[in-house]
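*Asks:* Residue numbers (the numbering used here), protein chains in the order written: chain A, 705 to 1375; chain B, 10 to 272. Even glycine gets a Cβ: it sits at the ideal position worked out from N, Cα and C.
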């Protein structure tokens, strides 16, 4: 658990400091709060208005991880910059950090956004739901308490300072060594890139590159030395432990082989000290490392997302690779041959990974780790489930019906579900696979796929077919454990198709669409995301969330992305490892957001900017009531099951009773 | 097409094999949809039914990626025809056919026929560059869909995925000649232990096609379908005599391939 901060790498970094610091990478978890007097959240800069900063500023200092990641541009006249730091910055730009602006605006005028705790609201909640506080960690309670106090400043500082100071001292010892190492490594890579050829570990990479047939996707041909390449919001690289490039989101892997070599050098250097590199922070970029078996995944992001979120996204990339190759076969391959070029097996799958990363950026289901299902009348959902339930064949384990990339219903084999449940991440991978394999929609696809969270070492065989060609919006996905079962499974599809024709289901599905937030009937509410947690009674259920269409003012792609970024920010605050929160009321530049997490649900709401705190609270109460009323339509309540493997002991026990099991889902039982 | 063939039972199985990016999916897409589309890499295999006069022909479009190699023998089981596809601009793609794909055909029918197809001919052969409005079409069996007007082929889809050089309009060096393909066909027959004199001649079974312009694509599929017809007829006769009861027929549902065809 080491966090590397390259924050210092870019010369001086805070006001009032005349002497630039030598570049360094710090090992250990540092709290740099005392050194950054003006850290503020940069999500929605509104420099003119500084309200409520008393509490917020402190909060940010305490929450330095986010604070730094979202780093304020800190002024420093270019002439003053330390030459060593400059070289290093140029070299680090190999890692995608093109961030040494010629002129940086001084932005010390203060915090950029207005944010406040909802003191009164918190007390409301505690009154409404006593269990909330009882369940929370003791430190959380104390934090909530400090937020409530009128003058939390001194308390927070008092509580955080002493412990952090100790860590920093310890880490300072390592600074010079590691800093020099990084300089050497990066300079070396730079030389290589310029063709000066430092012979070393990267030569096999280049060799591998020449054998490869030319890359064919336009953004793979991107010039990796161009500024436009560096300015991509989020880079993702996958490499093997031997430093061989496996995947790069932008630019060809061959062209990036020396950059990836540097990444591997960083990883192994820290590893040699019995440590694990987790992240490198710079002013504008966050570099997150994730090591999974023989694979190393690296994300270089300027999206201001938290480290945990970025690591979660890298994990999705890893899972997607596993879903194509299985963990067992990847381990086997690399055990057998350490410098294997995994692209041999993944060739052609780049688009699946590209598609996944685009989805991760644009679809909040990845952030929430929950599945979005299409709202339809519960009677229709039940009838569809029954159709799926009847069309079975031996070894069929999951039948999934999807419309418009959202889940309609899912039916599972009974014995399978008793052992394990389908994780949202696996469903996301399946949905991405469907999106990626839609090239030839008239056909029926039969492909092996591994569900990494279900079992990372085994394949399922997925049958994918669209039920409404040529529109291709309704997709049937059947998963079997039998490689040879194609014809039997295709037969199930015919049965499903016939039954759906008989019940006119397709036209009913075609009418289904996501709902508008106006249906909730709360005027100031613009958008929300609601994710109920399942309760012990129903813990086998798939985690779902519901969310209305993004409507004006979030109709353009940029605005959608902006709202998602705000949600990501709220999410990172709620789930911050150093200081998790239960509730945030965030006044941003163009909207007001409120996020609230309880033991029963997680809720993110977006209001018009002029809403008052009291209004927002009333609105949320109304919203929760509305969701409670509509939950049969919004969620898959009782996923039905079937039995395809004859097992008398089990089938006699449960029968159809699973479906009738009317345990309360726990949706809003607090209301 | 799916509507018309949905309820029909496939009579014969044709499998497309070949290395990644040689254009198997594009070939099939050109034949069934009459257009060239920038497809993405196939996952696993895709199954299509083609109506050919009174017969239903199932076509398996397989993934060329090594990752899906394990499924190859399943796709080939009971195949009446195998289309081995290579890329005329890529010598390796022909070598891969011999190294990786030929062994997959072990599970095909004993009387399976083999076609060797060099795709992307438009990149090396000027005569394959002209959009092919209508290929040589044998009128008696074709459906009306054969006569659909050609959609704007070249403008909509600039290039087959693996050939960025064609963007510049340059002629690529042809790495695999027709003679290489003929020689490979000879080796297939030897691998299968077939007598060259009793088998279909190499000249007839080696094609050069372009999925992008449509050059030779219809000829390829129609020649094959004509050749596998005897196989269909023989199978039908066998089935009539066969004591096996087809359970699927009783229920009026179809689509399941009769097991008797499998080895």
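Please state the DSSP three-state secondary structure of residue 1259 of chain A.
*Replies:* On the first chain, residue 1259 of chain A is found 555 positions in, with the first residue counted as 1. The answer is coil: DSSP assigns residue 1259 of chain A none of H, G, I, E or B.
*Asks:* Which same chain residues end up closer than 6 Å to residue 225 of chain B when comparing Cβ atoms and leaving out the 5 residues on each side of it in sequence?
*Replies:* As a working note, residue 225 of chain B is residue 216 in the second chain. So the qualifying residues of the chain are 216 and 218.
*Asks:* Hey, does residue 212 of chain B have any beta-carbon neighbour from chain A nearer than 8 Å?
*Replies:* By one-based count along the second chain, residue 212 of chain B stands at place 203. Not one beta carbon of chain A lies nearer than 8 Å to the beta carbon of residue 212 of chain B.
*Asks:* Between the C-alpha atoms of residue 953 of chain A and residue 1322 of chain A, what's the straight-line distance to the nearest angstrom?
*Replies:* Locating residue 953 of chain A in the first chain gives position 249, counting from the first residue. Locating residue 1322 of chain A in the first chain gives position 618, counting from the first residue. Those two C-alpha atoms are separated by around 44 Å.
*Asks:* Leaving out five residues on either side along the sequence, give the residues of the same chain with a beta carbon under 7 Å from the beta carbon of residue 1377 of chain A.
*Replies:* Any property of residue 1377 of chain A remains undetermined from this structure, which presents chain A solely from 705 to 1375.
*Asks:* On the DSSP bridge assignment, give the partners of residue 235 of chain B in chain order.
*Replies:* Position 226 of the second chain holds residue 235 of chain B. Its beta-bridge partners do not exist; DSSP assigns none.
*Asks:* Taking only three categories from DSSP, how would you classify residue 74 of chain B?
*Replies:* Here the question's residue 74 of chain B lines up with position 65 in the second chain. Coil, per DSSP.
*Asks:* Starting from the beta carbon of residue 1140 of chain A, find every residue of chain B whose beta carbon is closer than 8 Å, and list them in chain order.
*Replies:* What you label residue 1140 of chain A is simply residue 436 of the first chain in a count that begins at 1. Under a criterion of Cβ atoms nearer than 8 Å, the residues of chain B adjacent to residue 1140 of chain A are, in order, 49 and 52.
*Asks:* Measure from the C-beta of residue 189 of chain B to each C-beta in chain A and report whether the shortest distance is under 8 Å.
*Replies:* Here residue 189 of chain B refers to the residue found at position 180 of the second chain. No, its Cβ sits nowhere closer than 8 Å to a Cβ of chain A.
*Asks:* Compare the C-alpha of residue 1249 of chain A against each of A:1318, A:1214 and A:1335 and name the closest.
*Replies:* As a first step, residue 1249 of chain A must be located in the first chain, where it is residue number 545. Selected option, being the one with the closest Cα: A:1335.
*Asks:* Out of A:1178, A:1113 and A:1266, which one is the CA nearest neighbour of residue 1139 of chain A?
*Replies:* As a working mapping, residue 1139 of chain A is identified with position 435 in the first chain. That would be A:1178, whose Cα lies nearest to the Cα of residue 1139 of chain A.
*Asks:* Residue 76 of chain B CB to nearest chain A CB: under 8 Å?
*Replies:* Here residue 76 of chain B refers to the residue found at position 67 of the second chain. Answer yes: the Cβ-Cβ gap between residue 76 of chain B and chain A drops below 8 Å somewhere.
*Asks:* Is the beta carbon of residue 1237 of chain A closer than 8 Å to that of residue 1307 of chain A?
*Replies:* Counting from one through the first chain, the residue named residue 1307 of chain A turns up at place 603. Counting from one through the first chain, the residue named residue 1237 of chain A turns up at place 533. No.
*Asks:* Please report the straight-line C-alpha distance between residue 1035 of chain A and residue 1226 of chain A, rounded to a whole angstrom.
*Replies:* Numbered from its first residue, the first chain carries residue 1035 of chain A at position 331. Numbered from its first residue, the first chain carries residue 1226 of chain A at position 522. One C-alpha to the other measures close to 53 Å.
*Asks:* Among B:79, B:68, B:129 and B:105, which has the Cα closest to the Cα of residue 237 of chain B?
*Replies:* Your numbering for residue 237 of chain B matches position 228 in the second chain. The residue with the shortest Cα to Cα distance from residue 237 of chain B is B:68.
*Asks:* Please state whether DSSP places residue 1110 of chain A in a helix, a strand or coil.
*Replies:* To locate residue 1110 of chain A, count along the first chain from 1; it is residue 406. It is a strand residue.
*Asks:* One question on the structure: do residue 1274 of chain A and residue 1288 of chain A come within less than 8 Å of each other, judged by their Cβ atoms?
*Replies:* Here residue 1274 of chain A corresponds to residue number 570 of the first chain, with the count starting at 1. Here residue 1288 of chain A corresponds to residue number 584 of the first chain, with the count starting at 1. Yes. Within cutoff.
*Asks:* Along the chain, where does the beta strand (DSSP E) containing residue 939 of chain A start, and where does it finish?
*Replies:* Taking the first residue of the first chain as position 1, residue 939 of chain A is located at position 235. First-last of the beta strand (DSSP E) with residue 939 of chain A: 938-944.
*Asks:* With three or more C-beta pairs closer than 8 Å as the rule, is the stretch 1193-1207 of chain A touching the stretch 1081-1095 of chain A?
*Replies:* Touching, per the Cβ criterion.
*Asks:* With a CB to CB cut of under 7 Å and the five nearest residues on each side skipped, what residues in its chain are close to residue 54 of chain B?
*Replies:* Residue mapping note: residue 54 of chain B aligns to position 45 of the second chain, counting from 1. Excluding residues within five positions, the ones whose Cβ falls inside 7 Å are 69, 70, 71, 72, 80 and 84.
*Asks:* Excluding five sequence neighbours on each side, which residues of the same chain lie with their C-beta closer than 6 Å to the C-beta of residue 926 of chain A?
*Replies:* For the purposes of this step, residue 926 of chain A is taken as residue 222 along the first chain, with counting starting at 1. So the list reads 933, 954 and 955, once near-sequence residues are dropped.
*Asks:* When you check each C-beta in the stretch 962-991 of chain A against every C-beta of chain D, which residues fall closer than 7 Å?
*Replies:* Given the protein chain composition of this structure (A and B), no chain D is represented.
*Asks:* Report all residues from its chain with a CB closer than 6 Å to the CB of residue 1080 of chain A; omit the five preceding and five following residues, and keep chain order.
*Replies:* For this step, residue 1080 of chain A is matched to residue 376 along the first chain. Here the set comprises 1216.
*Asks:* Output, in chain order, the set of chain B residues within a Cβ distance shorter than 8 Å of residue 1254 of chain A.
*Replies:* Reading the first chain from its first residue, position 550 is the one you call residue 1254 of chain A. Ordered by position in chain B, no residue passes the 8 Å Cβ test against residue 1254 of chain A, which lies about 27 Å from the chain.
*Asks:* If residue 191 of chain B sits next to residue 133 of chain B, beta carbons under 8 Å apart, how far is it from one beta carbon to the other, in whole angstroms?
*Replies:* On the second chain, position 182 is the one that residue 191 of chain B refers to. On the second chain, position 124 is the one that residue 133 of chain B refers to. Residue 191 of chain B to residue 133 of chain B, Cβ: 17 Å. No contact.
*Asks:* May I have the straight-line CA-CA distance separating residue 228 of chain B from residue 1269 of chain A, to the nearest angstrom?
*Replies:* Taking the second chain and counting its residues from 1, one reaches residue 228 of chain B at position 219. Taking the first chain and counting its residues from 1, one reaches residue 1269 of chain A at position 565. Distance between the alpha carbons of residue 228 of chain B and residue 1269 of chain A is about 54 Å.
*Asks:* Leaving out five residues on either side along the sequence, give the residues of the same chain with a beta carbon under 6 Å from the beta carbon of residue 102 of chain B.
*Replies:* Numbered from its first residue, the second chain carries residue 102 of chain B at position 93. 28, 31, 95 and 96, listed in sequence order.
*Asks:* Is residue 952 of chain A helix, strand or coil by DSSP?
*Replies:* By 1-based counting over the first chain, the position of residue 952 of chain A is 248. Residue 952 of chain A falls in the strand class under three-state DSSP.
*Asks:* At which residues does the beta strand (DSSP E) containing residue 1306 of chain A begin and terminate?
*Replies:* Here residue 1306 of chain A refers to the residue found at position 602 when the first chain is read from its first residue. First-last of the beta strand (DSSP E) with residue 1306 of chain A: 1305-1311.
*Asks:* Give a yes or no on whether the minimum CB-CB distance between residue 1051 of chain A and chain B is below 8 Å.
*Replies:* As a working mapping, residue 1051 of chain A is identified with position 347 in the first chain. So, interface residue.
*Asks:* For a cutoff of 8 Å on Cβ pairs, would you count residue 938 of chain A as touching chain B?
*Replies:* Indexing the first chain from 1 puts residue 938 of chain A at position 234. Not an interface residue.
*Asks:* From which residue to which residue does the beta strand (DSSP E) around residue 994 of chain A run?
*Replies:* Taking the first chain and counting its residues from 1, the one referred to as residue 994 of chain A is at position 290. First-last of the beta strand (DSSP E) with residue 994 of chain A: 990-996.
*Asks:* By the criterion of Cβ-Cβ separation under 7 Å, what are the contact partners of residue 1376 of chain A in chain B?
*Replies:* Residue 1376 of chain A falls outside the range modelled here, since chain A spans only 705 to 1375, and no answer is possible.
*Asks:* Kindly indicate the opening and closing residues of the beta strand (DSSP E) around residue 1099 of chain A.
*Replies:* Along the first chain, one-based indexing puts residue 1099 of chain A at 395. Here residue 1099 of chain A belongs to no beta strand (DSSP E), and DSSP marks it neither H nor E.
*Asks:* Just mark residue 74 of chain B as buried or exposed, buried being the case when its beta carbon has 16 or more other beta carbons within 10 Å.
*Replies:* Your numbering for residue 74 of chain B matches position 65 in the second chain. That one is buried.
*Asks:* Quick check: what's the CA-CA separation for residue 1267 of chain A versus residue 118 of chain B?
*Replies:* Here residue 1267 of chain A refers to the residue found at position 563 when the first chain is read from its first residue. Here residue 118 of chain B refers to the residue found at position 109 when the second chain is read from its first residue. A straight-line Cα-Cα distance of about 58 Å links residue 1267 of chain A and residue 118 of chain B.
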